[in-house]
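Student: This is the structure, below, for whatever I ask next.
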Amino acid sequence: MVVPRSPSVAGTAPGREALLAALDHSLGMLTLTPDGIVVDVNDKLLGMFGYARADLLGQPHALLCEPGDPTCGNALAHVASTRRSHTGQVRRRRRDGRPIWLEATYNPVIDDDGNLAFVIKLAVDVTARVERQAADDARLHLLSLGVDETDNAVLITDAQGCVCYVNAGFTRMFGYAANEVVGQSTRLPLEETTTGDVADSASAVDIKEALAHCLVAARDGRSCHSEVLVRTLQRQPLWVSVVTNPMLDANGKLLNAVVLFTDITQSKIQEVLQHKALAAMVRDAPLVEVLTLICRELEQIAPEVVASVVRVDSEGRLRPQAGPSLPAQYHKNIEGLAIGPNVGTCGSAAFHARPVIVTDIANDPRWADFRDMAAEFGLAASWAMPIIANDGRVLGVLGFYYRTPRSPDALHERLVDVCVHLCKLAFERDESRTRIRQLAFSDNLTGLPNRSMLGVLAAQAIASAAELNARMAVIFIDLDRFKQVNDSLGHQAGDALLRTIAQRLRRSLRGADIVARLSGDEFVAMLTECDPERLDIALERMRSALRAPCQIDGVTLAPSGSFGISLYPNHGKEFDMLLQRADMAMYQAKMTSPGSVRVYHEDMNIHAQERLELETALRDALRHGKLALFYQPQIDLSDDSVYGAEALTRWTHPQYGDVSPSRFISLAEECGLIGELGTWTLRESCRQLADWRRRGVGIGNVSVNLSPTNFHDHNLPRTIADALADHDLPPSCLAIEITESVLMDHNPTTLRIIDEVHGMGVRLSMDDFGTGYSSLGYLRRLPVSELKLDRSFVHDITRDETVQALTNAIISIGRNLRLTVVAEGVEDEAQRALLFAQGYRVAQGYLFSPALSAVDVERWLEQWSARPPSPNPVPA
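Using full-length UniProt numbering, read the sequence shown as starting at 1 and increasing by one per residue.
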């Protein structure tokens, strides 16, 4: 720009003034001398910077720059040296210190002599645009950081499926750098990772199909989701979730596809294995079914694995349990093999109780004796992990087999961690079920079959004898003077004696014979294929074993027993008949000469006459008040207060002495007196409780045992209501104890009566809880408010960890269902302390008090309230 020689721009033509006036409204304008002194400024620029004209005229251009900005004079210097215009974006400072961004053009003004006269700066405020761009750049930077730092892999393709972008997560997940992937087909990197063995190729097909399907969906404007097994650059397998989302233009045409990969290996393992396996256990599936399910699901997650589970029995032998992809012949070949250091991978792992990896079966010495078998079934490598119980026992082995020589990979290690735990749970659950079956069918004290199991074994033995035309003998054994042992030495000594007798009887018989404990001090032996000579020999051995002195708690005892015998088929062809007649013979032996032997004969039907006499006596006792109720206190363990009392019927006869409840109650059921007996028990319990409450005696509630037969009586609810009303008692102070046989009664009348009794507000208590099969199931639908832990559990709780686990489970059930749990049969402080630590709050037993008469209960209460409180441990 050339201008006439002039010291200033003032006094120019009117056209110039008009131009400047127009520029004032659109551009900021600043006129500078070559050395940067402001000689003119328009209103627009003054408004941009917040200065008055007088503030800028004569001032250096640097006044508008940030202090110390080294680039402040660069544009002016460039114009001065080149005599050409310069345009750029610059950062300047307003008068108030705030920054301002300008899009500025510096124009030279040349005089007639060709010298630089002035520099005119034209500027536009672009601060808002620059700040928006900066914010966008910051957001983009954060987005880039977020995408790169996420654990997910992100891949973006163009419309043709060519990779445009991968994030750092893609590199971390699959091992490929961005420059190895960008510009390639979306399928190429993953295809290259999946070449190899048969299983890997199958996985590659799954990947290509999934990605191809997703890209087709993206072109149609649809999202796509699939789950596939992939291999990384390091050939490690991963289960990934693949989600593809399309990016479309305004016309719906595909521009890009965004593919998100998420590692779901762990969730896949948890979803498929843990959820399904635990669900199978919850529905009570058999052990083999659970283990087979684990193997199948494991093979779905890792198709290159052939899975198996073998159990190690108590003799250290392998027992195949599951291996759905292994031939049946393979299982037959290893069935019963003794574990050892060179018994394949599983046998060696079980022997050493540690993992064993064999990368090449064909050349490993541990497979020397089984190499041909492995080759026959296509097994080239294996990995075995022992399944170890908490007590250190090897329960079994989880085996991974491979079709090619190789080592386990990271996925397999993750699978093993989960599967070994699940297999352990399955084995322990099966052991618990076995233990529960033992509790249901065996006597917890002696380990002998109980009455239920005896019936099963006897039926089998009789069926076999009938088929073989063989003879059998049923021997009923009742210990002599056993009550004296209990009374003088205590119940623990009595239990020790019973265990000793059980062991002696078992050792004295052949393996084919049967010995069981009925109840109390009553045992039954069954001699199979028994001729008279064999019977004499067996009797002599049993009696000799029984009579041998034994030491119990430092006291020498000379036990003896009375024996009654019935013969099959002479005295009956059904077990109940044979047992009844052996019982008659035993009773005759005990009555005439304790310790002797009697064989049943018809004259012993006199015993039936005695039972008739006993029935008559029972009727008389009921009608003339000759029965008595005793009460066993129930104690609140948290503060030693009296929770309540259990009413127990007692009968002392002038001729027969103390008649056991089991005897007269069963007699009452047989002769139809059970309803009358139940009514008397209810009324007498309510009468006594009302008397105690009226006089302030500290018994607030009472529990009454009723026979299952009582619940067949339509009038039972009315009988209970009348007993309560007659004595002005609230229903909540009465608990009715019911047994599992009541719960298992499918008679609609029984269930209706139970509901009616509960509806009255009377509490229902499940007696002997934990000893049967189905008690747990009935808790869901019956209105039980109290459980009574069977004394068999309490008896062994301090010395049997399995029993401790079961009692802990029972109190947990009670707590979760908001039920009171009463522990029966507590006889020592150790039992009480352990029960309290587990969370039991109510207990009864000889530790606190035996069953007492009403008068003695009041005396006991005075003594109990005066005793120092028991030291309670902190509950678990």
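Virtual Cβ for every residue (Gly too), placed ideally from N, Cα, C.
List the residues that DSSP assigns as beta-bridge partners of F441.
Tutor: DSSP lists no partner for F441.
Student: Measuring straight from C-alpha to C-alpha, what distance separates R481 and L498?
Tutor: Each residue's alpha carbon lies about 12 Å from the other.
Student: Going straight from the alpha carbon of P654 to that of L682, what length do you get?
Tutor: Each residue's alpha carbon lies about 25 Å from the other.
Student: On the DSSP bridge list, what partners appear for I100?
Tutor: For I100, which the question treats as bridged, DSSP gives the partners R92.
Student: By Cβ distance, which residues of its chain are closer than 8 Å to D658, with the 5 residues on each side in sequence left out?
Tutor: Only R650, W651 and T652 meet the Cβ criterion.
Student: Whole angstroms are fine: how far does the CA of E335 sit from the CA of I665?
Tutor: Computed Cα separation, rounded: 52 Å.
Student: Measuring CB to CB, does residue 903 end up less than 8 Å from T265?
Tutor: Any answer about residue 903 is impossible in this case: the structure gives the chain only from 1 up to 876.
Student: Looking at the secondary structure, which residues open and close the beta strand (DSSP E) in which T652 lies?
Tutor: Here the beta strand (DSSP E) through T652 covers S641 to H653.
Student: Thinking C-beta only, is L734 closer than 8 Å to N701?
Tutor: Contact: yes.
Student: According to DSSP, simplified to helix, strand and coil, what is S267?
Tutor: Residue state, collapsed to three classes: helix.
Student: Any idea which residues DSSP pairs K626 with across the strands?
Tutor: The partner list for K626 (beta bridge, DSSP) is empty, contrary to what the question assumes.
Student: Of the choices T232, S185 and W860, whose alpha-carbon is the least far from that of G169?
Tutor: If we check each option's Cα against that of G169, T232 comes out closest.
Student: With 16 other CB atoms within 10 Å as the buried threshold, where does A374 fall?
Tutor: Buried: at least 16 other Cβ atoms inside 10 Å.
Student: I'd like to confirm the pairing. Which residues does DSSP put opposite C346 in its beta bridges?
Tutor: Answer is none; C346 lacks a bridge partner.
Student: In whole angstroms, give me the CA-to-CA distance for residue 879 and G511.
Tutor: Here the chain has residues from 1 to 876 only, and residue 879 is not among them.
Student: At 3 residues or longer, what runs of the beta strand (DSSP E) sit wholly inside the region 486-533?
Tutor: If we require 3 residues or more, the beta strand (DSSP E) runs fully inside the region 486-533 come out as 514-519 and 522-528.
Student: Identify the continuous alpha helix (DSSP H) that holds D151 and give its terminal residues.
Tutor: Run containing D151: none; DSSP gives neither H nor E here.
Student: Short check: CB of G564 to CB of Q588, under 8 Å?
Tutor: Yes. Within cutoff.
Student: Between the alpha carbons of L155 and T244, how many angstroms are there, rounded?
Tutor: Those two C-alpha atoms are separated by around 9 Å.
Student: When burial is assigned at 16 or more other CB atoms within 10 Å of the CB, is residue 877 buried or exposed?
Tutor: Since the displayed the chain opens at 1 and closes at 876, residue 877 lies outside it and no answer follows.
Student: Please confirm whether P34 and A80 have their CB atoms less than 8 Å apart.
Tutor: For P34 and A80, yes; Cβs fall inside 8 Å.
Student: For I699, which of helix, strand or coil comes out of DSSP?
Tutor: Of the three classes helix, strand and coil, the one that applies to I699 here is coil, per DSSP.
Student: Taking the beta strand (DSSP E) that C550 falls in, what are its first and last residues?
Tutor: From DSSP, the beta strand (DSSP E) with C550 extends over C550 to I552.
Student: Roughly how many angstroms separate the alpha carbons of E829 and D495, rounded to a whole number?
Tutor: Straight-line Cα distance between these residues: approximately 18 Å.
Student: Are the CB atoms of T807 and E786 within a distance shorter than 8 Å?
Tutor: No, they are not a contact pair.
Student: So the alpha helix (DSSP H) N74 belongs to, where does it begin and stop?
Tutor: Where N74 is concerned, the enclosing alpha helix (DSSP H) stretches over N74 to T82.
Student: Run the CB neighbour count on A461, radius 10 Å, all protein chains shown included, and call it buried at 16 or more, exposed below.
Tutor: Result: buried.
Student: Quick check on Q632: does DSSP put it in helix, strand or coil?
Tutor: Looking at Q632 - three-state DSSP - the assignment turns out to be strand.
Student: Give the secondary structure of K573 by DSSP, where H, G and I count as helix, E and B as strand, and everything else as coil.
Tutor: K573: coil per DSSP, three-state reduction.
Student: Quick one: grab the DSSP three-state call for P320.
Tutor: P320: strand per DSSP, three-state reduction.
Student: Give every residue of the same chain whose Cβ lies closer than 7 Å to the Cβ of T802, excluding the five residues on either side of it in the sequence, and list them in chain order.
Tutor: Result list for T802: R435, in chain order.
Student: Name the one or two DSSP bridge partners that C162 has.
Tutor: According to DSSP, C162 bridges with S185.
Student: Run through DSSP, which three-state label would Y656 get?
Tutor: Y656: coil per DSSP, three-state reduction.
Student: Reducing DSSP to helix, strand and coil, say where C224 ends up.
Tutor: Three-state result, C224: strand.
Student: What is the C-beta distance between T31 and I120, in whole angstroms, given that I count them as a contact (C-beta under 8 Å)?
Tutor: Rounded, the Cβ-Cβ distance is 5 Å, consistent with contact.
Student: So is M591 buried or exposed if we call it buried at 16+ other beta carbons inside 10 Å?
Tutor: Exposed, because fewer than 16 other Cβ atoms sit within 10 Å of the Cβ of M591.
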